[in-house]
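In what follows, a single structure is set out as structure tokens and then discussed.
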Amino acid sequence: MISATDLRLTFGKGTPLENPALRGMSLTVNQGEFVTVIGSNGAGKSTFLNALAGEVMVDSGQIIVDNQDVTRLPTYKRAARVARVFQDPLAGTCENLSIEENLALAIKRGQRRGLSAAVKRQYLGQFRESLSSLKLGLESRLGDKMGLLSGGQRQAVSLLMASLTPSSILLLDEHTAALDPKTAAFVLDLTEQIIEEQKLTALMVTHSMKQALEVGSRTVMLHQGQVVFDIAGKDREGLEVKDLLGLFEKQRGLQVDDDSLLLG
Amino acid sequence: MLSEIAFYGALETGLIYGLVAFGIYISFRVLDFPDLTVDGSFPLGAAVAAVLLLEGWNPWLATGCAVLAGMAAGAVTAILNVKLNILNLLASILTMIALYSVNLRIMGRPNIALLTEETVLTPWYDLGLDYHQVPVLLFVIVVFVSLILLWRFMKSETGLAMRATGANARMARAQGIATGGMIILGVALSNGLVGLAGALFAQSQGAADVTMGVGVIVIGLASLIGGEAVITPSTVIRALLACVIGAIIYRLAIAFALNADILGLQAQDLNLITAVLVTLAIVLPGVRTNIANRFTRKKA
Chain P
1 MISATDLRLT FGKGTPLENP ALRGMSLTVN QGEFVTVIGS NGAGKSTFLN ALAGEVMVDS
61 GQIIVDNQDV TRLPTYKRAA RVARVFQDPL AGTCENLSIE ENLALAIKRG QRRGLSAAVK
121 RQYLGQFRES LSSLKLGLES RLGDKMGLLS GGQRQAVSLL MASLTPSSIL LLDEHTAALD
181 PKTAAFVLDL TEQIIEEQKL TALMVTHSMK QALEVGSRTV MLHQGQVVFD IAGKDREGLE
241 VKDLLGLFEK QRGLQVDDDS LLLG
Chain H
1 MLSEIAFYGA LETGLIYGLV AFGIYISFRV LDFPDLTVDG SFPLGAAVAA VLLLEGWNPW
61 LATGCAVLAG MAAGAVTAIL NVKLNILNLL ASILTMIALY SVNLRIMGRP NIALLTEETV
121 LTPWYDLGLD YHQVPVLLFV IVVFVSLILL WRFMKSETGL AMRATGANAR MARAQGIATG
181 GMIILGVALS NGLVGLAGAL FAQSQGAADV TMGVGVIVIG LASLIGGEAV ITPSTVIRAL
241 LACVIGAIIY RLAIAFALNA DILGLQAQDL NLITAVLVTL AIVLPGVRTN IANRFTRKKA
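Protein chains in written order, with UniProt numbering: chain P, 1 to 264; chain H, 1 to 300.
Put into structure tokens, the structure is as follows:
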């Protein structure tokens with residue numbers, strides 16, 4: 001379980017560029033939930049994810065993961081509980097390391113690293129097995145440099161890396177946004193499959209309202225650094241994009257004028 | 001042509017600069033941390049070893065202390081960068097400048113002669129080898145052992161974490177790697193190797209001098225870049241081999257240049273030759289692909 005309470009964060013405090021990114025954001029994600037997060041540009045989606053991961057420190061508020069207060073912990077100390085896939089396919093893997101070396105880095109996520117060989121023989125079976133589930137033929141290319149793979153392949157491997165060891169929450173930061181539609185659909189299917197099979201708790205940020213409703217078990221919309229609505233279960237079933245927009249307008253009493261919300 | 005003495009001399013210093021190149025490989029290539037501390041940690045290693053030898057220490061123990069001193073110097077640079085957020089290049093320049101004073105303090109004078117002291121080389125002269133071959137033999141062993149240890153380290157869990165830190169720090173953090181700690185460890189390791197090189201250099205040349213570090217960074221870089229032009233560093237072992245090969249080629253090239261009377265070069269031209277060689281090593285691989293491109297274009 002992960003819970004964020006009243007998170008507040010302002011970038012560039014005291015400067016003309018002062019930008020309040022989070023204004024009292026609160027959200028609790030229960031074990032096994034798959035939450036999709038939507039919101040217009042500047043709603044605070046990425047900042048929220050970065051705050052959960054530890055890449056940015058909040059000014060105030062509290063983040064609790066599995067009953068441990070992680071609010072002040074840096075990224076690397078949260079890594080044992082928090083797994084992450086980035087938007088940029090190049091960001092989640094190291095291009096000049098081989099596929100097996102990337103996987104070996106991930107299999108030790110959040111654990112002590114010693115002086116024994118990083119790529120151990122006993123890992124190879126597991127690596128091949130999980131790679132073959134991607135159906136990309138990567139299981140026979142363990143020694144290849146990551147940089148030889150396409151964006152979609154790299155994103156699929158990133159997803160695999162994030163699920164190689166157990167985590168309390170998987171953060172997906174618009175991880176299909178930089179891919180072409182076909183590859184994006186493949187990576188999204190893979191995401192659902194992995195989350196379902198391993199019963200992961202996940203938080204997925206997306207730009208597409210359609211995607212947000214089709215995937216996962218709960219949808220949260222952010223606006224101006226706050227949660228404006230949160231729907232799950234029966235209320236969410238059969239909901240369409242236009243219903244979502246209606247809900248948003250009713251909640252806030254304002255007109256949505258951002259085209260990006262209507263896309264998808 | 002090159003005399004036998006000049007040839008062995010070039011091999012001897014080439015092997016020592018191979019160790020420097022290992023250090024520069026770790027900082028510049030693995031960590032992407034441009035570290036100039038080496039200009040200070042090379043004479044630091046020499047100074048520590050020389051003073052301890054004068055005190056009658058065991059030569060290997062004295063050399064070990066030189067390594068530790070180099071590591072400490074590297075750690076200072078990295079801590080200035082990681083903990084105090086000083087730009088990496090500037091942090092290393094600060095340490096390098098500070099080390100000049102530190103080295104003078106350690107030695108108590110600008111230079112120390114070691115001609116009569118027992119060094120790591122002393123027992124090896126009893127083997128019956130030619131006088132000029134002895135240092136080469138010992139340094140081949142030292143470089144070989146360092147290469148194997150470094151290779152194993154880079155393939156270990158910690159070594160892989162260090163490589164990830166330099167290649168993609170954001171990803172490394174997300175995998176739970178303390179990137180700051182990895183930079184401190186890596187830069188310390190790098191300067192430890194340079195300290196070792198300085199200690200061995202002082203013992204083979206029979207003196208430690210406070211100015212002997214000037215330009216070590218350029219020579220190390222020349223070795224690294226030259227080696228990479230000869231052996232493509234696609235794997236760790238190839239990159240490490242490139243360091244050694246590059247350093248030896250570099251010293252041989254210098255020896256040839258100084259020995260060829262037609263060129264009319266003298267010892268004081270050394271730095272100019274170094275700069276020219278480094279420029280060539282950087283430019284040549286590009287020229288090679290340029291020529292290749294021209295040929296393929298003609299075909300098409």
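Ideal Cβ positions, reconstructed from N, Cα and C, are used throughout, including at glycine. If you're wondering where the values come from, they're calculated on a predicted model, not measured in any experiment.
Short of 6 Å from the beta carbon of phenylalanine 86 of chain P, and not among the five residues preceding or following it, lie these beta carbons of its own chain, in chain order: Gly92 and Asp173.
Taking CB atoms only, glutamate 101 of chain P has a neighbour in chain H less than 7 Å away.
Lysine 155 of chain H has a beta carbon lying within less than 7 Å of a beta carbon in chain P. Counting only the Cα atoms, arginine 236 of chain P lies some 42 Å from arginine 112 of chain P. Contact annotation: the segment 102-120 of chain P does not touch the segment 55-74 of chain P, with fewer than three C-beta pairs closer than 8 Å. Arginine 163 of chain H places its beta carbon less than 7 Å from that of valine 30 of chain H. Between isoleucine 183 of chain H and alanine 78 of chain H, the C-beta spacing is below 7 Å. Assignment of isoleucine 177 of chain H by DSSP, reduced to helix, strand and coil, places it in the coil class. Taking alanine 4 of chain P as reference, the option from P:Met161, P:Gln68, P:Ala80 and P:Gly32 with the minimal CA-CA separation is P:Gln68.
Secondary structure note for isoleucine 2 of chain P: its beta strand (DSSP E) is the uninterrupted segment 2-11. Taking 7 Å as the threshold, the shortest C-beta distance from alanine 50 of chain H to chain P does not fall below it. By the CB criterion at 7 Å, glycine 213 of chain H and aspartate 32 of chain H fall outside the cutoff.
When H:Glu117, H:Val244 and H:Gly9 are compared, the shortest CA-CA separation from glycine 206 of chain H is found for H:Glu117. Taking 7 Å as the CB threshold, threonine 75 of chain P lines the interface with chain H.
Residue burial annotation: serine 60 of chain P is exposed, with fewer than 16 other C-beta atoms found within 10 angstroms of its C-beta.
Interface with chain H (7 Å Cβ-Cβ cutoff): alanine 79 of chain P is included. For the pair leucine 196 of chain H and valine 67 of chain H, the CB atoms are nearer than the 7 Å cut-off.
Take asparagine 96 of chain P, set aside five residues on each side of it, and the residues of its chain with a beta-carbon closer than 8 Å to its own are Lys145, Met146 and Gly147, in chain order. Leucine 189 of chain H carries a helical assignment under DSSP once its states are collapsed to helix, strand and coil.
Within chain H, Gly176 have C-beta atoms less than 8 Å from the C-beta of glutamine 111 of chain P, given in sequence order. Judged by pairs of C-beta atoms under 8 Å, the segment 127-143 of chain H touches the segment 5-19 of chain H, as three or more such pairs exist. At least one CB of chain P lies nearer than 7 Å to the CB of methionine 171 of chain H. Spanning the alpha carbons of alanine 232 of chain P and tyrosine 25 of chain H requires a straight line of approximately 54 Å.
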